[in-house]
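What follows is a single structure, written as structure tokens, with notes after it.
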Amino acid sequence: MHNDSNNSNGNNSHSNGNVNSNGSNSDDNVIVIDRDLCIGAGQCALTAPGVFTQDDDGFSELLPGREDGAGDPMVREAARSCPVGAITVPRSAS
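Residue numbers (full-length UniProt numbering): 1 to 94.
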């Protein structure tokens, strides 16, 4: 489990549970990273660098404006590459 830390905009970057990049609860139209599962392997950022990045602690996060996958064809592969299955991709994503 990760410790809560504050990012530059004052939001917790490691909240418990499923959150999207803006820190709100998940919904059906956005990619969700389960921060309780993420181990910071970085496979998502390597596979789909236009959608995923890693925070200062090495844990996965979505790039701003990429909550829906933004048409990136590698989004589903990035989710499949996660060794702990921490990423959920909505059906509407690429």
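From the three backbone atoms N, C-alpha and C, an ideal C-beta is built for every residue, glycine too.
The model shown is predicted, which means the values in this text are computed figures rather than measured ones.
- [ ] Using the Cα positions of VAL89 and GLN54, report the straight-line distance between them to the nearest angstrom.
- [x] Their Cα atoms are separated by approximately 18 Å.
Just mark ILE39 as buried or exposed, buried being the case when its beta carbon has 16 or more other beta carbons within 10 Å. For ILE39, the number of other beta carbons within 10 angstroms of its own is below 16, and it is reported as exposed.
**Prompt:** For ILE87, which residues does DSSP report across the bridge?
**Reply:** In DSSP, ILE87 forms a bridge with ILE33.
* N- and C-terminal bounds of the alpha helix (DSSP H) containing SER81 -> Residue range 75–81 is occupied by the alpha helix (DSSP H) that includes SER81.
- Item | Beta-carbon contacts of VAL84 that lie in its chain and below 6 Å, excluding the five residues immediately before and after | Apart from the 5 residues on each side of it in sequence, VAL84 sits with its Cβ closer than 6 Å to the Cβ of LEU37, ILE39 in its chain, given in chain order.
Am I right that ARG35 and PHE59 are in contact with their C-beta atoms under 8 Å? What's the rounded C-beta distance?
Yes, they are in contact, since the Cβ atoms of ARG35 and PHE59 sit about 7 Å apart, within 8 Å.
Of the residues LEU63, ASN29, ASP28, which one's Cα is nearest the Cα of CYS44?
It is LEU63 whose Cα lies nearest to the Cα of CYS44.
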